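Numbering (this note's numbering), first residue to last: 1109 to 1438.
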């Protein structure tokens, strides 16, 4: 199996000034390309820190380890956000990108490769017959990141050795715990109702209130933990009947099926639940300046609106305003 706790066999760097990734030159303690420097520092017998220093906009760092997976090895990758029933054990497929981490199972042994939570990069793995590649996407708002002389903690590599006879499930549990050393647990249990997986955006105030009533009726009465009633996608103006693309803003008012958002929040509270709401802050169908729009595959498409660039100060101001308004609604 490849060993990511040894120095990579190659490091490639892609800056905003490059047309394609450039191979970095290895020095005594790191890899350099122009003014970009990548350092990999062992932390213990299972972790190593990847640190980047750059004064030019940096898009991507690619690390490559040569090595072979034994014939018959099966790999299980993760998903960027969550699985939609598409995770599976399969052989090494070079073009398959496995976000965050993956497990390699052979015989009765399962090895884990991944990055810790909290890193500054989107990390995706690729495995092939000759080795392992880690893609670290460091873009911020679609443009290169430029921290100057401040070192950027791109990722912490984690490798968990296989244990003979350990089930893949047990190995996965132990490995995922190592990927998240700081557990962000809620103060109170999170329980309640969300309308998406039965309404899929075809919701209304009346349906939300009826679902809230039914859930609260079923909820234990001898607890101080109140359930949530979360209004999912479909409440905003672009979700008008006949519009199949409902998951963008603007977020300044409800549509005709949600005529009184503060009133709806009050009604949910009166039923004994806590009102919650879904939004996608960076996506909007509102008319916005071109400078606010992020580069995307279909920048002039009206399907779902535009994705806004969070590196633009005015975009951040708009998000602050939108979230403050929703909080004022209750």
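All residues carry an ideal CB built from backbone N, CA and C; glycine is no exception.
These numbers come from a predicted model, not from an experiment.
Tell me whether residue 1313 is buried or exposed, calling it buried when 16 or more other Cβ atoms sit within 10 Å of its Cβ.
buried
What three-state label does DSSP hand residue 1248 in the structure shown?
strand
The stretch 1166–1182 touching the stretch 1117–1124, judged by at least three CB pairs closer than 8 Å:
Result yes; three or more Cβ-Cβ pairs closer than 8 Å.
Helix or strand or just coil, what does DSSP make of residue 1225?
coil
Spatial distance of residue 1376 from residue 1343 (CA atoms):
15 Å
Exposed or buried, residue 1289, counting other C-beta atoms within 10 Å across all chains shown (16 or more means buried)?
exposed
Threshold first: 4 residues or longer. Then list the alpha helix (DSSP H) segments lying entirely within the stretch 1254–1305, N to C.
Counting only runs of at least 4 residues, the stretch 1254–1305 fully encloses the following alpha helix (DSSP H) elements, listed from N- to C-terminal order: 1276–1287.
With residue 1319 as the anchor, note down where its alpha helix (DSSP H) starts and where it stops.
That run of the alpha helix (DSSP H) goes 1313–1326.
What are the boundary residues of the beta strand (DSSP E) that includes residue 1163?
Looking at the DSSP string, residue 1163 is not in any beta strand (DSSP E), and its letter there is neither H nor E.
Can residue 1163 and residue 1244 be called in contact, C-beta distance under 8 Å?
No, Cβ-Cβ distance for residue 1163 and residue 1244 is not below 8 Å.
Report back the beta-carbon spacing between residue 1160 and residue 1224 to the nearest angstrom; my notes put them in contact at under 8 Å.
Going by Cβ atoms, the distance from residue 1160 to residue 1224 rounds to 16 Å, so no, they are not a contact pair.
Enclosing alpha helix (DSSP H) for residue 1429 [first to last residue]
Where residue 1429 is concerned, the enclosing alpha helix (DSSP H) stretches over 1421–1437.
To which residues of the same chain is residue 1196 closer than 8 Å at the C-beta, ignoring the five residues directly before and after it?
1184
Using the rule of at least 16 other Cβ atoms within 10 Å of the residue's Cβ for burial, across every protein chain shown, is residue 1209 buried or exposed?
Residue burial annotation: residue 1209 is buried, with at least 16 other C-beta atoms found within 10 angstroms of its C-beta.
How long is the line joining the alpha carbons of residue 1138 and residue 1363, rounded to whole angstroms?
Their backbone Cα atoms lie some 55 Å apart in a straight line.
Going by C-alpha distance, which of 1400, 1414, 1437 is nearest residue 1424?
1400
Would you check if the distance between the CB atom of residue 1299 and the CB atom of residue 1380 is smaller than 8 Å?
no
Report the three-state DSSP secondary structure of residue 1347 (helix, strand or coil).
Residue confidence for residue 1347 is low, a pLDDT of 48 falling below 50, so the modelled location carries little weight and cannot support an answer.
Give the secondary structure of residue 1220 by DSSP, where H, G and I count as helix, E and B as strand, and everything else as coil.
strand
Taking the CB atoms as reference points, tell me whether residue 1235 and residue 1200 lie closer together than 8 Å.
Residue 1200 is positioned such that its CB atom lies closer than 8 Å to that of residue 1235.
Could one say the Cβ of residue 1269 lies closer than 8 Å to chain D's Cβ atoms, at least one of them?
No chain D appears in this structure, which consists of one protein chain only.
With a threshold of 7 Å on Cβ separation, who are the neighbours of residue 1422 within its own chain once the five nearest residues in sequence on each side are excluded?
1400
Taking residue 1129 as the reference, give the member of 1166, 1156, 1111 with the closest Cα.
It is 1166.
Please classify residue 1118: does DSSP put it in a helix, a strand, or coil?
strand
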